[in-house]
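Structure first, commentary second.
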Amino acid sequence: MTDDSAPRPIDLLIHGCQVVTMNAHRDIIRNGAVAVRGTTIVDVGRSSELLAKYAPARTIGGDRFVVTPGMVNTHIHITGEPLTRGYVPDDTPFVENVFEWLCPLYSLFDAAEERTSGQLAAVEMLRSGTTCFLEAGTIRFLDEVVDGLIEVGIRGRVGRWVWDRPPEPSVYRQTTDAAIGHLDRQLHEHRSHAGGRIAAWSILVGHTTCSDPLWKAAKALADQHGVGMSFHMSPSQLDPDTFIAEFGQRPMIHLAEIGVLDRNVAMTHVVRVDDAELALIAESGASVAHCPTTALKVSYGITQFGKMPEMVQRGINVSIGTDGNNASNYSDLMRATYLVAGLFKDARVDPQMFPAEQAYEMATLGGARTMLMDEEIGALAPGRKADIVLHDTDRPEWRPLLNVMNQLVWSADGRGVHTVLVDGKVVVEGGRCTTIDEEKLWADAQRMGESITARSGLPDRAKFPTI
Ligand SMILES: [Zn+2]
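What follows is the structure, encoded as structure tokens:
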């Protein structure tokens, strides 16, 4: 006979904290606790109850901490840009930015540089409270990058650079068959690593760089492998103009017609859309990754043309991304969430637009849905993965702590993140990443960034003299 009242063994109890659960009721527990066994959350409740119920191998927490689910960044370029961050001037027009700066810089990376770039992005995300990401499909050396991500311990979905109607650069030029072959290979060889933390999706660069056979094959492969499909579309007028010239219809109309729009599709930007396109997105169940920082720095006119409020009103799942580090110099999703809450309040002169609670839902639950992990991440609830963030509120921007949701979005940012768990494992402690040698990472990133920009031959356009 077993004693039902005896404390049950668990690996970790986080207790004595303010717990933002993001569960179905959106409960916030003032003196709350989260019990973790292995990779999973087994219980969430009041500290007094969970302390009596469980015998933890380790305890952490205290009343200075606000505990939240890990955030989900649904669009980020982890190669290319982390190591050239800030080198591209912030006054270049969109086409020049992409084709004269970004593409040449991306094409110079070797495998070791891409691996370090991926690790730098992963460490930046983890240290600012993001535990899961969707990569943009612009990796060249996928095997090496995957290896580096496994070492850091983040959760993510990644893909190789795939397109079949390329402009320059030549290192990425590929036929339709080769492009489909890349997708097929990555979905077989990177089906699941590290207990499912890292895996490949069917990701295209998108825009106007894909033939219809490639669009269709990418969707078919996503369905066949039970994974998501992702691509960029319509940040500027270039994509709709090109689709109209080529097919006589706007991008969403064409993509719906060839069977691409679906529940397992995540599209990035989607700024220049009309109402007919919005209706098709809503009907399909596809998600949209809203990247406010890119819109600001690359001048997309998101508040002038963007229909993010209308998307949400139609029930379209809108999540948040930080994009590339030259279009958005940081990967701190808390800062991007702050912009999501604020941009349309101002643009529409309407404080009801994107309340803090809604913006935070987009960064957690919305992201989980985009990743097709609705039941696995995005909330602190029994059965979910133990992807957990402890924010230290003994900091000036957090005190006094009077309204946790308002302050998570409007006061705090990633600097206050103290401890982070992914799959129940502590990967950030005291604000430092515990899985890799951070000092070496900073030194490698600096050396490689200087080498890549020197090899590019692109001018240093910093406007002030460095003496
Ligand atoms: Zn992007």
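Position 60 (the sequence shown) corresponds to 63 in my numbering; numbering is contiguous. Note that beta-carbon positions come from the ideal geometry of N, C-alpha and C, so glycine has one too. Computed from a prediction, not measured in an experiment: that's the story for all the values here.
In the structure shown, Glu-154 adopts helical secondary structure according to DSSP, grouped into three states. Every residue whose beta carbon comes nearer than 5 Å to a heavy atom of ligand 1 appears here in chain order: Ala-139, Asp-326.
Look at Asn-409 here: in three-state DSSP terms it is helix. The three-state reading of DSSP puts Thr-43 in strand, counting E and B together. If you look at Arg-188, you'll find it in the alpha helix (DSSP H) that goes 179–192.
The C-beta of Asn-320 has 16 or more other C-beta atoms within 10 Å across all chains shown, which makes the residue buried. Of the residues Met-365, Ser-459, Glu-400, Ile-44, the one whose Cα lies closest to the Cα of Pro-295 is Met-365. If you draw a straight line from the Cα of Ala-38 to the Cα of Pro-10, it is about 12 Å long.
For His-257, the enclosing alpha helix (DSSP H) stretches over residues 254–260.
For Phe-136, the uninterrupted beta strand (DSSP E) segment begins and ends at 133–138. A Cβ-Cβ contact shorter than 8 Å links Thr-42 with Gly-427. Residue state for Cys-436 is assigned as strand, using DSSP reduced to three classes.
Taking His-18 as reference, the option from Gly-452, Thr-325, Arg-67 with the minimal CA-CA separation is Arg-67. With contacts defined as CB atoms closer than 8 Å, Val-47 and Pro-385 qualify as a contacting pair. A straight line joining the alpha-carbon of Leu-152 with that of Gly-309 spans about 33 Å.
Taking every protein chain shown into account, the CB of Ala-55 has fewer than 16 other CB atoms within 10 angstroms, so this residue is exposed. In this structure, Arg-49 is the residue among Arg-40, Asn-26, Val-45, Arg-49 with its C-alpha nearest to the C-alpha of Arg-33. Counting only unbroken stretches of 4 or more residues, the alpha helix (DSSP H) elements lying wholly within the segment 337–377 are 359–364, 370–373, in sequence order. In terms of Cβ geometry, Ser-237 and Pro-254 form a close pair [threshold 8 Å].
Boundaries of the beta strand (DSSP E) around Leu-424: 420–425. Pairing Gly-198 with His-228, the inter-Cα distance amounts to about 17 Å.
Beyond the five residues adjoining it in sequence on each side, Ser-334 comes within less than 8 Å, by CB distance, of Asn-76, Ile-79, Pro-85, Ala-124, Glu-127, Met-128, Ser-131, Thr-133, Thr-325, Asn-328 in the same chain, given in chain order. For Ser-8, the number of other beta carbons within 10 angstroms of its own is below 16, and it is reported as exposed. Taken atom to atom, the span from the alpha-carbon of Leu-424 to that of Pro-312 is near 33 Å. In the DSSP assignment, Cys-20 falls within the beta strand (DSSP E) that extends over 11–23.
By the neighbour-count definition (other C-beta atoms within 10 Å, threshold 16), His-28 is an exposed residue. Segment contact: the segment 260–270 against the segment 296–308, fewer than three CB-CB distances shorter than 8 Å; contact not assigned.
Taken through DSSP and simplified to helix, strand or coil, Leu-123 comes out as helix. For Phe-68, the secondary structure class from DSSP, reduced to helix, strand or coil, is strand. Here Tyr-90 is not bridged, per DSSP, to any residue. DSSP places Ala-27 in no alpha helix (DSSP H); its state is neither H nor E. Closest in C-alpha terms to Phe-136, from the list Gly-370, Ala-223, Trp-413, comes Gly-370. Apart from the 5 residues on each side of it in sequence, Ile-247 sits with its Cβ closer than 7 Å to the Cβ of Arg-253 in its chain, given in chain order. Taking C-beta atoms under 8 Å as the contact rule, Thr-71 and Val-392 qualify, at a distance of about 5 Å. Each residue's CA atom was taken as its position, placing Trp-401 and Asp-349 some 24 Å apart.
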